[in-house]
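Visitor:
Residue numbers (this note's numbering), protein chains in the order written: chain A, 1 to 245; chain B, 1001 to 1245.
This is how it looks when you write it as structure tokens:
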């Protein structure tokens, strides 16, 4: 496979990998939606409740559009999503925000870090799936709402800044753990998250993307590089918020 | 006041009562929204997740439209809603569903019972507020989703039927407690929930609806009658679901 684009008419293994990716994304979105109720509970004003609620509505919409795409690809969304649920639910359980600021940091940073990974898969998807996934990954107001509030709170109070910095590190670790757990469920996904910078020996990624699925063990060092690079982007975002890494 | 309709141009006390009612309704809707994440977590299929999520989206929309109306009436939604939050949050905390069936019973029965109360206020509202509140109280798919599933599960298994019957009784008690707690916060609301059948001595309701606000103590027997009548409607719905009262 020399092109980064896969047609819907491609082999069965490719369609499966695309389906797995869309299913993973759908699972992440619905799991995020599930947490927004708690975030709204933390909100003290109607304006904040409404803003967080609007993010929840967008996430549910993402979930629904991705499930619809899976069905259009002839795949049962239930079957594709189910294997990813434990990792997604575990992530949300381990990262329960204590207040609205922690909710906002999670909405902002955890989403951005996950997006860094997921975006890499876009070139390997068919055009329609890539278009949908791209729309889902667009920040859709999540960043705007959060950034000003976090920065303001961090600037106003050193203790808050330290607490949120620690929280952002915990979140980053948990996002990486969740991504790793999801790839472990479907090793062929790893190849979709890898690009040339992560993988100087391109044949490893090629093997992973091939119809044979490749050997999951080959992916381990590649995933390691991918995570280290993702952490750089995360560090920049954390500093932009006025937090420390 | 001889008419059941109040103009926006009516006295300050009336506008306050209308604002309190819209604020109470907004608070109930956003609190319901906050719980839907947990309900989605209980859902095992994409179809159920999507159906429960769609209810959540409707509830958030209700909250937003009611807040917008409050603002249009010159009232600060934050100020009106805040006093009702503890009762609403307490209700949700005391009625956490253990599985999807309990979620569906709550969505169906608790909403219907609350609607019984809230509908009584409509004739006392200005036309635009009444129109909005009427739309909010319309069941909007909540009943349809729940009823078939609950009835089917209750018919299939006696233990489930007994468990859900008990759950529906607990819910009814908690809805009544929440309504009472909310009226206690704003006693002038009581008069809006009372109609001629509850209150053979119409002057009690008249006193409550007047600009003076009336004596909350006068409302106690009226509220008692209102609750007894609401329980009859609830009993019919419980039986319709194949549960026992």
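Note that CB positions come from ideal geometry on N, CA and C, so glycine has one too.
Just so it is clear, the structure is predicted and the values come from calculations on it, not from any experiment.
Does the separation of the CB atoms of residue 1046/B and residue 67/A fall below 8 Å?
Guide: Start at 1 with the first residue of the second chain, and residue 1046/B comes out as number 46. Start at 1 with the first residue of the first chain, and residue 67/A comes out as number 67. Taking C-beta atoms as the reference points, residue 1046/B and residue 67/A count as a pair closer than 8 Å.
Visitor: With 8 Å as the threshold, decide whether the Cβ of residue 1083/B is near any Cβ in chain A.
Guide: Indexing the second chain from 1 puts residue 1083/B at position 83. Answer no: the Cβ-Cβ gap between residue 1083/B and chain A never drops below 8 Å.
Visitor: What residue range does the alpha helix (DSSP H) around residue 1089/B cover?
Guide: As a first step, residue 1089/B is located in the second chain; it is residue number 89 there, counting from the start. Counting along the chain, the alpha helix (DSSP H) containing residue 1089/B begins and ends at 1085-1094.
Visitor: Name the two residues that bound the continuous alpha helix (DSSP H) containing residue 179/A.
Guide: On the first chain, residue 179/A is found 179 positions in, with the first residue counted as 1. That run of the alpha helix (DSSP H) goes 158-185.
Visitor: Using a C-beta cutoff of 8 Å, does residue 1152/B count as contacting chain A?
Guide: If you number the second chain from 1, residue 1152/B lands on position 152. Taking Cβ atoms only, chain A never reaches closer than 8 Å to residue 1152/B, which makes this a no.
Visitor: To be precise: take each residue of the stretch 1096-1107 of chain B, compare its Cβ to all Cβ atoms of chain A, and keep it if any distance is under 9 Å. Which residues remain?
Guide: none
Visitor: If I'm right that residue 1037/B touches residue 38/A with Cβ under 8 Å, what's the distance once you round it to whole angstroms?
Guide: On the second chain, position 37 is the one that residue 1037/B refers to. On the first chain, position 38 is the one that residue 38/A refers to. At roughly 7 Å, the Cβ-Cβ gap stays under 8 Å, so residue 1037/B and residue 38/A are in contact.
Visitor: What in chain B is Cβ-close to residue 89/A, meaning under 8 Å?
Guide: By 1-based counting over the first chain, the position of residue 89/A is 89. Simply 1041.
Visitor: Quick one, are the C-beta atoms of residue 34/A and residue 92/A less than 8 Å apart?
Guide: Position 34 of the first chain holds residue 34/A. Position 92 of the first chain holds residue 92/A. Their beta carbons are under 8 Å apart, which means residue 34/A touches residue 92/A by this criterion.
Visitor: In whole angstroms, give me the CA-to-CA distance for residue 1231/B and residue 1172/B.
Guide: Here residue 1231/B corresponds to residue number 231 of the second chain, with the count starting at 1. Here residue 1172/B corresponds to residue number 172 of the second chain, with the count starting at 1. Whole-angstrom Cα-Cα distance: 8 Å.
Visitor: Can residue 1105/B and residue 1150/B be called in contact, C-beta distance under 8 Å?
Guide: The count along the second chain starts at 1 and reaches residue 1105/B at position 105. The count along the second chain starts at 1 and reaches residue 1150/B at position 150. Yes. Within cutoff.
Visitor: Any idea what DSSP makes of residue 1120/B, helix, strand or coil?
Guide: On the second chain, position 120 is the one that residue 1120/B refers to. Residue 1120/B sits in coil when the DSSP states are folded into three classes, being neither helix nor strand.
Visitor: Taking its Cβ as the centre, do 16 or more other Cβ atoms sit within 10 Å of residue 100/A, making it buried, or is it exposed?
Guide: For the purposes of this step, residue 100/A is identified with residue 100 of the first chain, where counting begins at 1. The residue is buried, with at least 16 neighbouring Cβ atoms inside 10 Å.
Visitor: Can you tell me the Cα-Cα spacing of residue 1109/B and residue 242/A, whole angstroms?
Guide: Taking the first residue of the second chain as position 1, residue 1109/B is located at position 109. Taking the first residue of the first chain as position 1, residue 242/A is located at position 242. Cα-Cα distance, rounded: 47 Å.
Visitor: Just curious, the alpha helix (DSSP H) that residue 1033/B is in, first and last residue?
Guide: Your numbering for residue 1033/B matches position 33 in the second chain. Its alpha helix (DSSP H) spans residues 1012-1042.
Visitor: With a threshold of 8 Å between beta-carbons, can residue 37/A be considered close to chain B, or not?
Guide: Within the first chain, residue 37/A is the residue found at index 37, counting from 1. So yes, residue 37/A belongs to the interface.
Visitor: Any C-beta of chain A sitting closer than 8 Å to the C-beta of residue 1244/B?
Guide: Taking the first residue of the second chain as 1, we reach residue 1244/B at position 244. For residue 1244/B, the answer is no, since every Cβ of chain A falls outside 8 Å of its Cβ.
Visitor: Taking residue 24/A and residue 182/A to be in contact with their CB atoms under 8 Å, please state how far apart those CB atoms are, rounded to whole angstroms.
Guide: Locating residue 24/A in the first chain gives position 24, counting from the first residue. Locating residue 182/A in the first chain gives position 182, counting from the first residue. Residue 24/A to residue 182/A, Cβ: 5 Å. Contact.
Visitor: Name the two residues that bound the continuous alpha helix (DSSP H) containing residue 1068/B.
Guide: Looking up residue 1068/B in the second chain gives position 68. Its alpha helix (DSSP H) spans residues 1046-1072.
Visitor: Is there a C-beta anywhere in chain B that falls below 8 Å from the one on residue 33/A?
Guide: Counting from 1 along the first chain, the entry for residue 33/A is found at position 33. True, the Cβ-Cβ gap to chain B drops below 8 Å.
Visitor: Look at the alpha carbon of residue 1083/B and the alpha carbon of residue 1098/B, and state the distance between them as a whole number of angstroms.
Guide: On the second chain, position 83 is the one that residue 1083/B refers to. On the second chain, position 98 is the one that residue 1098/B refers to. C-alpha separation (whole angstroms): 29 Å.
Visitor: So, at 7 Å on beta carbons, what are the nonlocal neighbours of residue 1122/B in its own chain, with the 5 sequence-adjacent residues on each side left out?
Guide: On the second chain, position 122 is the one that residue 1122/B refers to. Short of 7 Å from the beta carbon of residue 1122/B, and not among the five residues preceding or following it, lie these beta carbons of its own chain, in chain order: 1130, 1133, 1134.
Visitor: Under 8 Å between the Cβ atoms of residue 31/A and residue 112/A?
Guide: As a working note, residue 31/A is residue 31 in the first chain. As a working note, residue 112/A is residue 112 in the first chain. No.
Visitor: Can you grab the Cα-Cα spacing for the pair residue 1008/B / residue 125/A, in whole Å?
Guide: Numbered from its first residue, the second chain carries residue 1008/B at position 8. Numbered from its first residue, the first chain carries residue 125/A at position 125. Residue placement at residue 1008/B is flagged as unreliable, the pLDDT there being 45, under the threshold of 50; a coordinate-derived value is accordingly withheld.
Visitor: Can you find a C-beta in chain A that's less than 8 Å from the C-beta of residue 1129/B?
Guide: On the second chain, residue 1129/B is found 129 positions in, with the first residue counted as 1. For residue 1129/B, the nearest beta carbon of chain A is not closer than 8 Å to its own beta carbon.
Visitor: Cα separation between residue 1048/B and residue 1166/B?
Guide: Along the second chain, one-based indexing puts residue 1048/B at 48. Along the second chain, one-based indexing puts residue 1166/B at 166. Their backbone Cα atoms lie some 24 Å apart in a straight line.
Visitor: Residues in its own chain within less than 8 Å of residue 160/A by CB, not counting five upstream and five downstream?
Guide: The sequence position of residue 160/A within the first chain is 160, counting from 1. For residue 160/A, same chain residues with a beta-carbon under 8 Å away, outside a window of 5 residues either side, are 101, 153, 154 in chain order.
Visitor: Residues of chain A with CB under 7 Å from residue 1057/B, in chain order?
Guide: For the purposes of this step, residue 1057/B is identified with residue 57 of the second chain, where counting begins at 1. Residue 1057/B reaches chain A at 57, 60, counting residues in chain order whose Cβ is nearer than 7 Å.
Visitor: Check each candidate in 1190/B, 1022/B, 1014/B and name the one with the smallest Cα separation from residue 1079/B.
Guide: Locating residue 1079/B in the second chain gives position 79, where the first residue counts as 1. Considering only alpha carbons, the answer is 1022/B.
Visitor: What does residue 1078/B touch in chain A if you count any residue whose Cβ is under 9 Å from its own?
Guide: Residue mapping note: residue 1078/B aligns to position 78 of the second chain, counting from 1. Those within 9 Å of residue 1078/B in chain A are 44, 45, 46, 47.
Visitor: Quick check on residue 247/A - is its C-beta less than 8 Å from some C-beta in chain B?
Guide: Not covered by the structure: residue 247/A. The range shown for chain A is 1 to 245.
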